[in-house]
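Please read the structure below before turning to the comments.
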Amino acid sequence: MSFFGALAQMRDEQDRRTEEAAKYRFSVEDSRKTWHSLVAEAQSALAAGDHDRADALAEQAEIAEEVYTASVCGTL
Numbered sequence: 637m638s639f640f641g642a643l644a645q646m647r648d649e650q651d652r653r654t655e656e657a658a659k660y661r662f663s664v665e666d667s668r669k670t671w672h673s674l675v676a677e678a679q680s681a682l683a684a685g686d687h688d689r690a691d692a693l694a695e696q697a698e699i700a701e702e703v704y705t706a707s708v709c710g711t712l
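Now the structure itself:
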């Protein structure tokens, strides 16, 4: 392989890694937003007196928190 061929291959690999990192960052940020959104919805439902809905949303928020934590730790 020529010098320029090797250089092009290295650049392609770097571009691929950059794209993968961008997807991961989006995934972490998206899971954090989902978690916080569910918590806010649960609080609103609780304030409105809708305890069943608040409980269901709180359960979903717990799952979203676990997904966020796994995303941050890289175990997802």
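Numbered continuously in this note's numbering, the sequence shown closes out at residue 712.
The beta carbon of each residue, even a glycine, is placed where N, CA and C say it ideally should be.
Legend entry - Bounding residues of the alpha helix (DSSP H) (the contiguous stretch that carries S707): Along the sequence shown, read from residue 1 onward, the residue named residue 707 stands at position 71. Taken as a continuous stretch (DSSP letters only), the alpha helix (DSSP H) holding S707 covers H687 to C709.
Inset, instruction - Check each candidate in A678, H687 and C709 and name the one with the smallest Cα separation from E698. - result: As a first step, residue 698 is located in the sequence shown; it is residue number 62 there, counting from the start. E698 has its Cα closest to that of A678, out of A678, H687 and C709.
Legend entry - Exposure label - S638; buried when at least 16 CB within 10 Å: To locate residue 638, count along the sequence shown from 1; it is residue 2. When all chains shown are included, S638 counts as exposed.
Legend entry - Contact check, Y704 vs R647, beta carbons under 8 Å: On the sequence shown, position 68 is the one that residue 704 refers to. On the sequence shown, position 11 is the one that residue 647 refers to. No, these two residues do not count as a Cβ contact at 8 Å.
Inset, instruction - Kindly indicate which three-state DSSP category M646 falls into: helix, strand or coil? - result: As a position in the sequence shown, residue 646 is number 10, starting the count at 1. The answer is helix: DSSP assigns M646 an H, G or I state.
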